Structure formats: structure tokens, C-alpha cells
Amino acid sequence: MAIIGSYERHPDLGCEAVVFLDEESDACVQLQRDLPGGPRAAEYCLTTGASAPVYDAVTQWRRVDDRFEFALVPRAARLFGDEVISFDVIAGDDVTVDELAEHVERLLR
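Each step along the sequence shown adds one to the number in the UniProt record's numbering, with nothing skipped, and position 80 is 80.
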């Protein structure tokens, strides 16, 4: 299954996110972090966009070509229904898959 990836920066909301969207099902995975100076700028979270965020949700991640794989902590695994979420990524309009991977790496630090 191919997922469209995008990077979003929202100064008005005080956050940035890498968003993975399955247009067929409208399923969404978002990796978010407050912008520098925000109350939780030192932490990232994972959410479905409609769910409560799970902070420090990813134990490890890797990229294999255009496939992104995330190993999850138990609380996030319950939210997403598996200990690992994995999908092929197609870049959105204003970003490449390489740039998405760089954003993921930075947000997870």
C-alpha cells in the first residue's frame, strides 16, 4: 500500500509534522513536534490525527528504499493495532522521499 507523505509547518499552531495519508481509507499517521520554544519542543508524538498523541511512541525506525518502518511502544501499538507500522511512501507536492526521511529523523531526535 502506498501512502502519501508530506511535511507541514504550522507557526500559528506552534508545531510541525510529517503526515502519512492513505487516500483510499483516509487513514493517517502523524509524527508531530512543537516548534522551538514551545512547551513540548523537546518531545515528539505520534497520532492518527483524530487520536490523543502518544509521546515517545517510536522505539526505532528505518527506511528501506521508499518504505518507512516504525517499531512502536506498547501504548502506540494498541492505537495502531500492531507493534510495527510499515508502508511505502510517495512524496507529496512540495517534498521528496529523501526530505521526508530527513524530517522524520530530526523529529525523532
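Cβ coordinates follow ideal geometry from the N, Cα and C atoms, glycine included.
These numbers come from a predicted model, not from an experiment.
Cβ-Cβ separation between residue 81 and residue 6: approximately 23 Å, too far for a contact (criterion under 8 Å).
Beta bridge pairing from DSSP links residue 47 with 30. Ranked by how close their Cα comes to the Cα of residue 58, the residues 29, 25, 41, 15 have 29 in first place. Secondary structure note for residue 13: it is in no alpha helix (DSSP H), with a DSSP letter that is neither H nor E.
Take residue 55, set aside five residues on each side of it, and the residues of its chain with a beta-carbon closer than 6 Å to its own are 43, 45, in chain order. If you compare the alpha carbons of 11, 79, 108 with that of residue 50, the shortest gap goes to 79. The DSSP-derived three-state label of residue 73 is coil.
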